[in-house]
Amino acid sequence: MRSYSLLFFSTLFLAITCFTSCSNDDDVMVPEEEEFINQAIYTLTAQNDPTDIVVFTFLDADGEGGLDGISTTLGTLKAGTTYNGVATFANTIDGEDITEEIAEEDEEHQIFFQTTVAGLTFAYTDQDPMGNPIGLTTTATTDAAGTGTITITLRHEPAKGASGVSDGDITNAGGETDIEVTFDVTVE
């Protein structure tokens, strides 16, 4: 009788162990989807004149694979002026404000501003909890008149500690580009 009881309990223990150790779907790691962004807006407002506003807008109304997006610049920057900048991003097709997600995941995002206009410089005015820049708010300062372009790049998981990255140099940033847009700009 003992051997049957021992065999029964051993089999029961083995069955319970196998049943509870089986993998379940809760353990499956689903890779995080990258943001779909089809709209970027960068608004510059002069610190000394709140009516002096320049707006850079990009919209790809039908998303990737369709028609090309359209970049527009409304307004002209004035030489010798400092502007407060605000960048916003959206998925207008699904009605999602991506700016909110960037702010929540600030350690995983950084916006870079590159320009071909001599004397136009950008500075970050926001930072993540680690003290690294984000770029949702900035200043842009103009020295002299000129024309050229501004390229705005949103990077996901950049190497914020890499050389020059905290100063806005995209060269060593790495990461994935969520969106990159180039605008024409005039400083008069």
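Okay, so the sequence shown: first residue is 1133 according to my numbering, each after it adds one.
For each residue, glycine too, the CB sits at the ideal point set by N, CA and C.
These numbers come from a predicted model, not from an experiment.
- In the three-state scheme derived from DSSP, where H, G and I count as helix and E and B as strand, residue 1238 is classed as helix.
- With distances taken between CA atoms, residue 1168 lies nearest to 1286 out of 1286, 1296, 1293.
- Under the three-state reduction of DSSP output, residue 1230 falls in the helix class.
- As the crow flies, the alpha-carbon of residue 1198 is around 19 Å from that of residue 1314.
- An exposed status is given to residue 1293, since fewer than 16 other beta-carbon atoms sit within 10 Å of its beta-carbon.
- Distance from the CA atom of residue 1254 to the CA atom of residue 1266, rounded to whole angstroms, is 13 Å.
- Separation of residue 1176 and residue 1228 (C-alpha to C-alpha, rounded to the nearest whole angstrom) is 23 Å.
- Sequence-distant partners of residue 1239 (beyond 5 residues in either direction) whose C-beta falls short of 8 Å from its own C-beta, in its chain, are 1260, 1261, 1262, 1264, 1292.
- When secondary structure is reduced to three states using DSSP, residue 1298 falls in the helix class.
- Where residue 1304 is concerned, there is no enclosing beta strand (DSSP E), because DSSP gives it neither an H nor an E.
- By the CB criterion at 9 Å, residue 1300 and residue 1289 fall outside the cutoff.
- Looking at the DSSP output, residue 1217 bridges to 1176, 1270.
- Annotation for residue 1278: the continuous beta strand (DSSP E) segment containing it runs 1278 to 1288.
- Closest in C-alpha terms to residue 1308, from the list 1243, 1191, 1180, comes 1243.
- Residue 1188 and residue 1304 have their C-alpha atoms spaced approximately 26 Å apart.
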